[in-house]
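Engineer:
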Amino acid sequence: MKRLLKKMITHTPLRYAPGILMLAVLLYGCSAPQAGTPQQGPPQLPVMVVASAPATTYLEFPASLEGKVNVDVRPQVSGYLEKIFVDEGAHVKAGQPLFKIDPKVYAEQLNGASSNQLAAQANVEKAKVEVDRLEPLVASNVVSDVQLKTAKANYEVAKAALAQAKAAVGSARINVGYTLVTAPVNGYIGRIPYKVGALVSNTDAQPLTVLSEVHEMYAYFSMSEADFITFKNNFPGKTLEEKLKNAPPVELILADNSTFSQKGKIGAVEGQFDKTTGAITFRATFPNADGILRTGNTGKVRFAREVPAAITIPQEATFEIQDKVLVYTVADSNKVASRPIRIAGKTANFYFVSDGLKAGERIVLSGTANLKDGAVITPQPVPADSVLKSKQL
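Numbers given in my numbering equal positions in the sequence shown, counted from 1, plus 38.
1) In whole angstroms, what separates the C-alpha of Y389 from that of V414?
2) Compare the Cα-Cα distances from K384 to each of A221, D361, T350 and report the closest residue.
3) Using only alpha-carbon positions, find the residue among D294, I267, S299 that is nearest to P287.
4) Can you check which of these residues, A201, S260, T247, Q185, is closest to A433 by C-alpha distance?
5) Would G302 and L292 be called neighbours here (beta carbons separated by less than 8 Å)?
6) Alpha carbons only, please: which of G309, G305, S392 is nearest the one belonging to A348?
7) Is the distance from the Cβ of I304 to the Cβ of S260 below 8 Å?
8) Alpha carbon to alpha carbon, how far is D242 from Y232? Give it in angstroms, no decimals.
9) CA-CA distance, M86 and I330?
10) Should P141 go down as buried or exposed, given a rule of 16 or more other Cβ atoms within 10 Å for buried?
11) Work out the CA separation of V345 and T95 for me, nearest whole Å.
12) If you follow the beta strand (DSSP E) that N432 is part of, which residue opens it and which one closes it?
13) Could you check the C-alpha separation between G228 and G150 for me, to the nearest Å?
14) In three-state DSSP terms, what is D423?
15) Give the secondary structure of V414 by DSSP, where H, G and I count as helix, E and B as strand, and everything else as coil.
16) Straight-line CA distance for A422 to A355?
17) Pull up the distance between the alpha-carbon of N372 and that of K427, whole angstroms please.
18) Measuring CA to CA, which of A264, A285, G394 is closest to P274?
19) Would you call the CB atoms of V402 and L83 closer than 8 Å?
20) DSSP three-state label for I212, please.
21) Specify the secondary structure class of L409 as computed by DSSP and reduced to three states.
22) Please list the segments of the beta strand (DSSP E) lying wholly inside the region 147 to 234, counting only runs of 3 or more residues, in order along the chain.
23) To the nearest angstrom, report how far apart V88 and E399 are at their CA atoms.
24) I'd like to confirm the pairing. Which residues does DSSP put opposite D393 in its beta bridges?
25) Looking only at its chain, what residues have a beta carbon closer than 6 Å to the beta carbon of A73, apart from the 5 residues adjacent to it on each side?
26) Express the C-alpha separation of E146 and G105 in angstroms, rounding to a whole number.
27) If you drop the 5 nearest sequence neighbours on each side, which residues of the same chain put their C-beta closer than 7 Å to that of G394?
28) When you compare each of P81, E98, P92, A91 to F266 by their alpha carbons, which one comes out closest?
29) Give me the Cα-Cα distance between E168 and A205, rounded to the nearest whole angstrom.
30) Using only the alpha-carbon positions, how far apart do N335 and E254 sit?
31) If V339 sits next to A264, beta carbons under 8 Å apart, how far is it from one beta carbon to the other, in whole angstroms?
32) Tell me whether G79 is buried or exposed, calling it buried when 16 or more other Cβ atoms sit within 10 Å of its Cβ.
33) Going by other Cβ atoms of all chains shown within 10 Å of its Cβ, with 16 needed for buried, is N326 buried or exposed?
34) If I follow the unbroken beta strand (DSSP E) through E251, where does it start and stop?
35) Please state whether DSSP places Q5 in a helix, a strand or coil.
36) Helix, strand or coil for K142 per DSSP?
Below, the structure is given as structure tokens:
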């Protein structure tokens, strides 16, 4: 810089000298160190000493809800939809009429079958008369017994034809009854995709509606193999059935993150793991007397687990790299080092650590975004009790 200024002063005409001198003073003043400028020290960050204490951990699993009874209502006969007696969402009782299919075709079939039955009945009577006429003649040797045997065979044929005619009448009467579709169980009516005048059939892909009995609800959820092993180890019992009986009631977290007022009970577990997903399906039953829950609802089934000694840390003190959760620990020299931890459970604001931290160690609570391993900080101690009280555990 000095050489450049000297060269500029030497080779610059005299009339420009005052400007050059002023520029030199400014550049020199900017480049000279300022006395009394404070040097930046290690960053001041909040630090907490971790401790173990009894806690309640939660495991949550996404769930889909279905009514205890979920029935597709389908027509048994084909025809035009003549009437719809209910509306979507209505509650109906078993046997209540839901739909009516035009019965004219089936009523005529019943009339035809009834007429055939009358004709068959007449043939039976005629054949019986013939048998009755021939029997005394055969006994008197007036006619041969061959004629009687033939008459008796015709009589049996006529009786068989009558039985067929009666069966046809019964079938036709059943078809007429099928034109009135009634509710097979109590429940709520689902969507009705068909309108009056639509042609419906028992081969249609869509049912007339879906009838759900929601007095009790089934919540289906899946566990990974690791979660399944944890579940089995947490509850007493020799067999899985005994463990299910000893498992405490579970909660249902609804889509708006509110907790359903009634608790449920795990009632069944699938027989094997799904080879594609590596998960096994559970079923929990929840009472739903008020009908708040409906088939198709989603939520989360939550298990509570008591941990006698758990290390609890706020989630904001952690960061993730790939599939690992880490924290910054603080050594006696105030140097930080990242360390992976294992999560045993969590709440909305805290993690419960099962491995990676010990009671008495210090961790950085916040401001970890710009930290690197080996960095020195100025710890600002924060009591663990105040951290736990500041947010809901």
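C-beta atoms are modelled at their ideal positions from N, C-alpha and C, and glycine is treated no differently. Predicted model, so just to flag it, every value in this text is computed and none were measured.
Structural biologist: Judging by the given coordinates:
1) Each residue's alpha carbon lies about 26 Å from the other.
2) Here the closest residue by C-alpha is T350.
3) Looking only at D294, I267, S299, the smallest Cα-Cα distance to P287 is reached by S299.
4) Residue 433 lies beyond the range of the chain shown here (39 to 431); nothing can be said about it.
5) Between G302 and L292, the gap from beta carbon to beta carbon reaches 8 Å or more.
6) With distances taken between Cα atoms, A348 lies closest to S392.
7) S260 is positioned such that its CB atom lies no closer than 8 Å to that of I304.
8) Taking the straight line joining both Cα atoms gives about 11 Å.
9) Each residue's Cα considered, the two are about 44 Å apart.
10) Buried, because 16 or more other Cβ atoms sit within 10 Å of the Cβ of P141.
11) Cα to Cα, T95 sits roughly 7 Å from V345.
12) Residue coverage of the chain in this structure runs from 39 to 431, which leaves residue 432 outside it and unanswerable.
13) Taking the CA atoms as reference points, G228 sits about 38 Å from G150.
14) Helix at D423.
15) In the three-state reduction of the DSSP assignment, V414 falls in the strand class.
16) Cα atoms of A422 and A355: separation of roughly 13 Å, rounded to the nearest angstrom.
17) Each residue's Cα considered, the two are about 26 Å apart.
18) In terms of Cα proximity to P274, the closest of A264, A285, G394 is A285.
19) Yes, Cβ-Cβ distance for V402 and L83 is below 8 Å.
20) In the displayed model, I212 falls within a helix according to three-state DSSP.
21) The answer is coil: DSSP assigns L409 none of H, G, I, E or B.
22) If we require 3 residues or more, the beta strand (DSSP E) runs fully inside the region 147 to 234 come out as 218 to 220, 225 to 227.
23) Cα-Cα distance, rounded: 6 Å.
24) For D393, which the question treats as bridged, DSSP gives the partners R380.
25) Its pLDDT being 47, under 50, A73 is placed unreliably by the model, and the measurement read from it follows with that caveat. There are no such residues.
26) Put simply, the backbone Cα of G105 is about 40 Å away from that of E146.
27) Beyond the five residues adjoining it in sequence on each side, G394 comes within less than 7 Å, by CB distance, of R377, P378, I379, R380 in the same chain, given in chain order.
28) Looking at the Cα atoms, E98 is the closest of the given residues.
29) The alpha-carbon separation between E168 and A205 amounts to approximately 26 Å.
30) Each residue's Cα considered, the two are about 13 Å apart.
31) Between V339 and A264, the beta carbon gap of about 17 Å keeps them out of contact (Cβ cut-off 8 Å).
32) Counting Cβ neighbours within 10 Å, G79 comes out exposed, since fewer than 16 surround it.
33) Label assigned to N326: buried.
34) Counting along the chain, E251 sits inside the beta strand (DSSP E) bounded by residues 247 to 262.
35) There is no way to answer for residue 5, as the model of the chain reaches only from 39 to 431.
36) Here DSSP, grouped into helix, strand and coil, assigns K142 to helix.
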